[in-house]
Amino acid sequence: MEKMTEVAIVNCIEKMMTERREKILESDEYIRQDVDDLKELEERYAGMNLPYMFRRVIDDYIACLESKSERYADLSYVRGMGDAIFLLKNIGALGSPEALSVNAE
Numbered sequence: 052m053e054k055m056t057e058v059a060i061v062n063c064i065e066k067m068m069t070e071r072r073e074k075i076l077e078s079d080e081y082i083r084q085d086v087d088d089l090k091e092l093e094e095r096y097a098g099m100n101l102p103y104m105f106r107r108v109i110d111d112y113i114a115c116l117e118s119k120s121e122r123y124a125d126l127s128y129v130r131g132m133g134d135a136i137f138l139l140k141n142i143g144a145l146g147s148p149e150a151l152s153v154n155a156e
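Residue numbers (my numbering): 52 to 156.
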C-alpha cells in the first residue's frame with residue numbers, strides 16, 4: 052500500500068510539474084524569446100558544414116546542459132513543495148500527520 056501511495060504521489064507531482072512548465076513556457080516573455088532564439092540558432096547550426104566529430108561533441112554538450120537544467124528545475128520544484136508543506140505544518144495549516152493519513156484513506 053505504501054509503495055502504491057508513493058507511486059501515486061510521484062505521478063501526481065510529475066503531472067503538476069509538466070502542467071506548470073507548459074504554463075510558464077506559454078506565459079513568460081523571456082522564455083518565449085529564448086525559444087524563438089533557439090529555433091533560429093538550431094537552423095543556423097544545422098546549416099553549418101561541420102565534421103561529424105565536431106557536431107557530435109557539440110550535440111552531446113548541449114544535451115548535457117539541457118539535462119542538467121531540467122533536472123535542476125525538477126528538483127527545485129519538488130524541494131519547494133517540500134518546503135511549502137513543512138511551512139504549512141509548522142504554522143498548523145495542515146494539521147497533524149495522523150489526521151492527514153486518516154483523511155487520505
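Ideal Cβ placement from N, Cα and C applies to all residues, glycine included.
Being a predicted model, the structure only gives us computed values, none of them experimental.
Query	Result
Length of the line joining the Cα atoms of G133 and E121	18 Å
Straight-line Cα distance separating K90 from K140	44 Å
Pairwise C-alpha distance: V108 and I114	The question names Ile, but residue 114 in the sequence shown is Ala. When rounded, the distance between both Cα atoms is 10 Å.
Rounded C-alpha distance that separates Y128 from M68	7 Å
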